[in-house]
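Per the numbering used here, the very first residue in the sequence shown carries number 123; after that it's consecutive. Using N, Cα and C, we set each Cβ at its ideal position, and we do this for glycine too. Note that the structure is predicted; figures quoted are calculated from it, not measured. To start, the structure itself, in structure tokens.
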Amino acid sequence: RTGRPFTGDESGALLFRSLHALRLCDAPTSSGGDDTPRLRGCRITNAVKCLPPGNRPLADEIMRCNRYLSAEIAALPDDAVLLALGRVAHDAVLRALHVDAATRREMMFAHGAVHAISGLSGGSLWLVDSFHPSRYNVNTGRLSEQMFLRTLTEAARLCALV
């Protein structure tokens with residue numbers, strides 16, 4: 123592993139291919155080493171900073187890392203768009219934004235869903251949901267490359283990048 127999110131695995135291959143197709147990244151791959159792709163108008167982070175066993179973070183790992191995610195989100199400009207890759211990321215973003223439990227229940231994760239949320243500084247943010255681009259989700263047909271690209275395109279459209 124490289125220590126960089128979505129680098130050197132199948133989920134990263136799909137993510138970077140899609141970012142490159144939308145001209146949000148200068149390279150279609152990120153395999154590690156010296157090939158750090160330059161992103162345009164976007165950034166990549168993880169809800170959980172460590173690499174949990176089996177790639178399945180425990181609830182306490184998610185909670186411990188949430189303050190870091192909250193700080194990253196607080197640094198974003200108003201009207202930023204957050205693309206949550208999977209339910210864990212979706213739920214972590216809502217917690218990081220201090221969204222109350224009743225509202226979190228109304229903002230259920232669904233692939234392609236778009237949620238308007240109040241940001242930490244009082245401005246507004248967009249949260250766009252996608253199934254995680256994992257090999258499992260792609261191989262089982264839960265997520266196709268076309269589905270992922272459509273959702274990424276919608277996120278980019280919301281922040282006027284395409």
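Review point. Are leucine 242 and phenylalanine 253 closer than 8 Å when you measure CB to CB?
Key: no
Review point. Helix or strand or just coil, what does DSSP make of aspartate 251?
Key: strand
Review point. Where does the unbroken beta strand (DSSP E) through leucine 204 begin, and where does it stop?
Key: 203-207
Review point. What separation, rounded to the nearest whole angstrom, lies between the Cα atoms of phenylalanine 128 and leucine 137?
Key: 8 Å
Exercise for review: Can you grab the Cα-Cα spacing for the pair threonine 167 / serine 192, in whole Å?
Suggested key: 12 Å
Review point. Helix, strand or coil: which one does DSSP assign to isoleucine 195?
Key: helix
Point to revise | Three-way DSSP call (helix, strand, coil) for serine 256 in this model | key: coil
Check your understanding: Is alanine 211 near alanine 169, with beta carbons less than 8 Å apart?
Key -> yes
Review point. Does the beta-carbon distance from asparagine 188 to arginine 217 come in below 8 Å?
Key: yes
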